[in-house]
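Colleague: Below is one structure. I have some questions about it.
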Amino acid sequence: MQSESIDLHTDTTASHHVLENPDILAEIFWHLDPYPEVESYTRNGVLDGYFQGGYAAGRAIPYIRTLTNAALVCKAFAEPASSVLWATLPKGLYPLLYPLREHASAGPIVEDELEQARVPAPGDMQGGTTEHIPAHAWERWEHCARRVRLVAIRDLESDWTQLSSLIPLSSYICAANRPLLPRLHTIVLASAGGGELSTQLLQVLAASSMIRAVSIRTVTVIPRPEFSSETLEDALSVDLDILAHSPSASQLRHLLITSPLPFRLAYSNSLRHVKAFHRLQTIYVGFVALDEHLKFLADLAALETLESMTVRSRSVLDPLDNASSSQNLELVAPLTRSSLGALAGFPTLRKIFLQDEPQQLIHMLQLIRSSTLECVWLNSTQSATTAFQPMLRSLISRPNIGASLREMRLTYSIGWDQGSSETIRTGSTALIYGSMGDIVGPLTALHALETLWLNIGGKLIRISDEDIAAMGNAWPRLQSIAISLSPVRMLPHQLEILLIAYEVTLDVAPTYTLSSLIRLAMKCRSLRNVDIFARPRDVSDAELVAIEELALEGGHDPQTVLRYLFPLSPDEHHWHEVSLADVQRLARALRCLFPRLGRPERQIEQDLLMQRLGEWEKEGKQSGVLEVLRELTAI
1 MQSESIDLHT
11 DTTASHHVLE
21 NPDILAEIFW
31 HLDPYPEVES
41 YTRNGVLDGY
51 FQGGYAAGRA
61 IPYIRTLTNA
71 ALVCKAFAEP
81 ASSVLWATLP
91 KGLYPLLYPL
101 REHASAGPIV
111 EDELEQARVP
121 APGDMQGGTT
131 EHIPAHAWER
141 WEHCARRVRL
151 VAIRDLESDW
161 TQLSSLIPLS
171 SYICAANRPL
181 LPRLHTIVLA
191 SAGGGELSTQ
201 LLQVLAASSM
211 IRAVSIRTVT
221 VIPRPEFSSE
231 TLEDALSVDL
241 DILAHSPSAS
251 QLRHLLITSP
261 LPFRLAYSNS
271 LRHVKAFHRL
281 QTIYVGFVAL
291 DEHLKFLADL
301 AALETLESMT
311 VRSRSVLDPL
321 DNASSSQNLE
331 LVAPLTRSSL
341 GALAGFPTLR
351 KIFLQDEPQQ
361 LIHMLQLIRS
371 STLECVWLNS
381 TQSATTAFQP
391 MLRSLISRPN
401 IGASLREMRL
411 TYSIGWDQGS
421 SETIRTGSTA
431 LIYGSMGDIV
441 GPLTALHALE
451 TLWLNIGGKL
461 IRISDEDIAA
471 MGNAWPRLQS
481 IAISLSPVRM
491 LPHQLEILLI
501 AYEVTLDVAP
511 TYTLSSLIRL
521 AMKCRSLRNV
531 DIFARPRDVS
541 DAELVAIEEL
551 ALEGGHDPQT
561 VLRYLFPLSP
571 DEHHWHEVSL
581 ADVQRLARAL
591 RCLFPRLGRP
601 ERQIEQDLLM
611 QRLGEWEKEG
621 KQSGVLEVLR
631 ELTAI
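Number 635 marks the last residue of the sequence shown (UniProt numbering); no jumps.
So, in structure tokens, the structure goes:
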């Protein structure tokens, strides 16, 4: 695309009279925006994928062309379409030189089709000065700069080199006591490696008093020798210091600090700056090992506006790293009841995501005094399932938690040692199964709970009909429950042992029945999804008759919300003994009780099921089994 075809900011566009109320057109064009996260990145208080560092570039090209064509076809469309086009700069600041392209030297051809569709790179300013740029060019440039609301600088090696052209430009603007981008409110920044240039540019960007969100990624994905832990932390400290002393410090609402590579983060060097952000609502600190984390939490606890907090400690990313775990536990050992009382705060907290050892999580939870906590995600590791109960009891002792908490997500990693592996190899099931009551028993006090998501690594959950009934009694507002086995934090030999033992003991281990799930769904009228890794006990003839009787009783008042009841996995051996007639009877009963019963919420499960059926057909498996599975899939 030629650069002349994308000139949306000529004097002709500026001189005509746009519609009396262009807001309607702007709203229409905003639906075509390839980066709508500039407005919705904090929707419902949750940081989305763009704010955390990613965006779907490939899908953006048609939208950009549509907006460009709209601006060129009709003068009345030019302003709202151009505003959407310029609202985000997802690949750096150098498109800001485009309005001055007539006064810049020829730059390299941009190979990225997305960037060609948006704006061509003009290259460096001639002679690195701005004195020769006429007034009408500055007017056009300011027209574009006022529209920019989000800037993402991601690549340390290429972006900073190209951005050197902006230093003279920013100096010229700042000399007039004006911010470079007056309406900028979101910065996505790759820290470390930019040196003095990155520092200057961050100072320029932070001069805008409208900045509300900053995301700092501390290092590139590829490890480099010059990026030591000390280097990363020093660079982060400089960035946070600039933000803390900028005009935007008192207005900052959302701060994200993350790294694809682990490094130690000290409060005294970096995180002490957080206290300057008095109106902070969301903070995310991930994949780091925190030193003096209680001082950091004390600063956060004092923030009266904080609504969402994520602290992901490096210590539990690898449950086998005993040295790291022990070191972190030593950091919280001196904590006393009196010091907890002095630190307690978080009056407005609504959402937390904490990842650490159970004892540290207990201390963190004891700091929370919010009576409006709605969503809790806990990620931890321990040697036994019972070790998590004190952590959950600490949670439910928070004020008003039973009436406020809506969503609970737990990720547990049950560590194994060599002795445990040998014990399981010899046939013992004591270490294979964990009791549902041991893991989530204290949560039955959360009567307003709507979502429970439980992901276990290292244990299989033994669920009984009594457990299912207790869920219905404790959580009448339940909407979704998912219990899964996670192999992520298990060594390959552990996962192999666990799955083999699971198949061997499945027939003798007590488990729940399909009838109990049906009663749960009929009692919890808002329940839409039940996704449990452990399949229910085989439906006997007597139970099938009982289910049909339930359908006759409940058919006049069906549960119309449930979409997914339990995972029907295509286990060839399991379904050889099932008759097609029985499956059809079960299907009729379930459809009578749950008219909307259909596919799982996660499409990947349905795709895997259909893929397995296709493989069976190619291999010439028994047609009777295939018919049964097709009927189950139809349910």
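Cβ atoms here follow ideal geometry from the backbone N, Cα and C, with glycine treated the same way. If you're wondering where the values come from, they're calculated on a predicted model, not measured in any experiment.
Can you tell me whether Ser-569 is helix, strand or coil according to DSSP?
Modeller: For Ser-569, the pLDDT reaches just 47, beneath the cut-off of 50, and the residue's location in the model is therefore unreliable, leaving the point undetermined.
Colleague: Rounded to the nearest angstrom, how far is the Cβ of Arg-350 from that of Thr-372, given a contact under 8 Å?
Modeller: 6 Å
Colleague: Using 8 Å as the Cβ pair cut-off and three pairs as the minimum, do the segment 475-486 and the segment 510-518 touch?
Modeller: no
Colleague: Could you tell me which residues DSSP pairs with Thr-451 in its beta bridges?
Modeller: Glu-407 and Ser-480
Colleague: Looking at the secondary structure, which residues open and close the beta strand (DSSP E) in which Met-309 lies?
Modeller: 308-313
Colleague: Looking at the strands, I want to know which residues DSSP matches up with Val-84.
Modeller: Val-84 is not bridged to any residue.
Colleague: Can you check whether the CB of Leu-180 is closer than 8 Å to the CB of Val-204?
Modeller: yes
Colleague: From what residue to what residue does the beta strand (DSSP E) around Val-214 run?
Modeller: 213-217
Colleague: Would the beta-carbon of Pro-95 fall within 8 Å of that of Leu-89?
Modeller: yes
Colleague: Quick one: give me the first and last residue of the alpha helix (DSSP H) that Asn-473 is part of.
Modeller: 465-474
Colleague: Return the CA-CA distance between Leu-527 and Leu-271, expressed in angstroms with no decimal places.
Modeller: 42 Å
Colleague: Run through the DSSP bridge pairs and tell me what Ile-283 is partnered with.
Modeller: Leu-255 and Met-309
Colleague: Per DSSP, which one or two residues make a beta bridge with Asn-529?
Modeller: Ser-480 and Tyr-564
Colleague: Can you tell me where the alpha helix (DSSP H) holding Ala-302 begins and where it ends?
Modeller: Per DSSP, Ala-302 belongs to no alpha helix (DSSP H) and is neither H nor E.
Colleague: Ignore the nearest five residues each way along the sequence and tell me which others in Leu-329's own chain have a CB closer than 8 Å to its CB.
Modeller: Interpretation of Leu-329 is limited by its pLDDT of 35, a score under 50 that renders its predicted location unreliable; the figure taken from the coordinates is listed afterwards. Taken in chain order, the residues that qualify are Glu-357, Gln-359 and Gln-360.
Colleague: By Cβ distance below 6 Å, which residues in the same chain neighbour Gly-49 in space, the five residues on each side in sequence not counted?
Modeller: Confidence at Gly-49 is low in this model, with a pLDDT of 40, below 50, so the placement of that residue is unreliable and no value is reported for it.
Colleague: Exposed or buried, what is Asn-69 when buried is set at 16 or more other beta-carbons lying within 10 Å of its beta-carbon?
Modeller: exposed
Colleague: So the candidates are Met-436, Pro-442, Leu-597 and Phe-594; which of them puts its Cα closest to the Cα of Phe-533?
Modeller: Met-436
Colleague: With Ser-246 and Thr-218 assumed to form a contact (beta carbons below 8 Å), what rounded beta-carbon distance in angstroms separates them?
Modeller: The pair is not a contact, with the Cβ atoms about 19 Å apart (cut-off 8 Å).
Colleague: Helix, strand or coil, according to DSSP, for Phe-594 in the structure here?
Modeller: coil
Colleague: Need the endpoints of the alpha helix (DSSP H) that Cys-524 sits in, please.
Modeller: Careful: Cys-524 lies outside any alpha helix (DSSP H) and carries neither H nor E.
Colleague: Does DSSP classify Phe-77 as helix, strand or coil?
Modeller: helix
Colleague: Should Ala-542 and Ala-589 be called a contact, given that it needs their Cβ atoms to be closer than 8 Å?
Modeller: no
Colleague: Mind checking who Tyr-412 pairs with in its DSSP beta bridge?
Modeller: Under DSSP, the beta-bridge partners assigned to Tyr-412 are Ser-380 and Ile-456.
Colleague: Quick check on Arg-596: buried or exposed, where buried means 16 or more other Cβ atoms within 10 Å of its Cβ?
Modeller: exposed
Colleague: Using a Cβ-Cβ cutoff of less than 6 Å, which residues in the same chain neighbour Leu-410 once the five nearest sequence positions on both sides are dropped?
Modeller: Leu-378 and Leu-454
Colleague: Looking at the structure shown, is Val-151 part of a helix, part of a strand, or coil, going by DSSP?
Modeller: strand
Colleague: Going by DSSP, which residues form a beta bridge with Leu-189?
Modeller: Ile-153 and Ile-216
Colleague: Could you give the distance in angstroms between the alpha-carbon of Ala-474 and the alpha-carbon of His-273?
Modeller: 43 Å
Colleague: So, under 8 Å CB-CB, Leu-265 and Leu-252 are touching, yes? Tell me the CB distance rounded to an integer number of Å.
Modeller: No, Leu-265 and Leu-252 are not in contact; Cβ-Cβ is about 19 Å, not under 8 Å.
Colleague: Exposed or buried, what is Gly-457 when buried is set at 16 or more other beta-carbons lying within 10 Å of its beta-carbon?
Modeller: buried
Colleague: Less than 8 Å between C-beta atoms, sequence neighbours within five positions excluded: which residues of the same chain meet that for Leu-593?
Modeller: The answer, listed in chain order, is Ile-518, Ala-521, Met-522, Leu-550, Ala-551, Gly-554, Gly-555, Pro-558 and Gln-559.
Colleague: Between Leu-280, Pro-347, Pro-476 and Arg-146, which has its C-alpha nearest Leu-452's C-alpha?
Modeller: Pro-476
Colleague: What is the rounded straight-line gap between the Cα of Ser-370 and the Cα of Glu-407?
Modeller: Cα to Cα, Ser-370 sits roughly 15 Å from Glu-407.
Colleague: What is the DSSP secondary structure of Gly-434, counted as helix, strand or coil?
Modeller: Note: Gly-434 maps to strand in three-state DSSP.
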